[in-house]
């Protein structure tokens, strides 16, 4: 009997090793329609998350920028730390970031020469541990590079938000493999008509193309407010999630 008990104990131990329980800090959106569909009730904090614009249009580009800005702003408010924003371009509009919850005083800007230097800057910042979150804009990110960022982010328990830019009009950044924990595709959507022309909270179509441990989905939301939070339009209510449904074709 002792030998049998010992074998059973060994089997139980092997099973526990084969199926570890995921324990990590999460960043909830604070929107039930989002958090209930995310595998951990929110974004994993120590992870690489990628987002790209649905098209090359300026409005879609602004939408994906502000989407990531809102996530970074919420994390910065909780940890009271700065956000590193790394980009090879110099076209960030500070007032727009502030309207999405990220004041200019809370942002450290880095403008490397190319994507290779940008990725090196991001890795150094992760290991340094000073930023509350990192937002990086890049065109070329290999699978190896994404894996390095994912491992470094997990080790530091620090969110790395990577805005994948298109290299050309017909290029889909999500056609390339990545080790990112989640991948998002953002597009502008028609806003609600109000009594005053040009005034209103923008709406976005937010598509979670892939997440580890969960399914893809798509929602229409109102853009980030001054605290970086999204909101499901009241006029659409729960019907937003139902009509958007689950994304059938997800990129690898």
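In the numbering used here, the protein residues as written are 24 to 275.
All residues carry an ideal CB built from backbone N, CA and C; glycine is no exception.
If you're wondering where the values come from, they're calculated on a predicted model, not measured in any experiment.
At least 8 Å separates the beta-carbon of residue 191 from that of residue 233.
Going by C-alpha positions, residue 134 is about 33 Å away from residue 61. Non-local beta-carbon contacts of residue 54 in its own chain, meaning distances under 8 Å to residues more than five positions away in sequence, involve 244, 252, 253, 254, 255 in chain order. The DSSP-derived three-state label of residue 234 is strand. Residue pairing of residue 132 in beta bridges, as defined by DSSP: 108.
Burial check for residue 50: the Cβ neighbour count within 10 Å reaches 16 or more, so the residue is buried.
Apart from the 5 residues on each side of it in sequence, residue 152 sits with its Cβ closer than 8 Å to the Cβ of 179, 181 in its chain, given in chain order. By DSSP's assignment, residue 209 forms a beta bridge with 76, 229. Under the three-state reduction of DSSP output, residue 241 falls in the strand class. For residue 190, there is no enclosing beta strand (DSSP E), as DSSP marks it with neither H nor E. Rounded to whole angstroms, the gap between the alpha carbons of residue 143 and residue 224 is 37 Å.
Where residue 160 is concerned, the enclosing beta strand (DSSP E) starts and stops at 156-161.
For residue 50, the pairing in a beta bridge is given by DSSP as 66. Of all C-beta pairs linking the segment 193-203 to the segment 80-89, fewer than three are shorter than 8 Å, placing the two stretches out of contact. If you draw a straight line from the Cα of residue 237 to the Cα of residue 96, it is about 25 Å long. Ranked by how close their Cα comes to the Cα of residue 69, the residues 174, 126, 209 have 174 in first place. At a Cβ-Cβ threshold of 8 Å, residue 202 and residue 166 count as neighbours.
Looking from the CA of residue 104, the closest CA among 74, 121, 129 belongs to 129. Bridge pairing for residue 254: 245 [DSSP].
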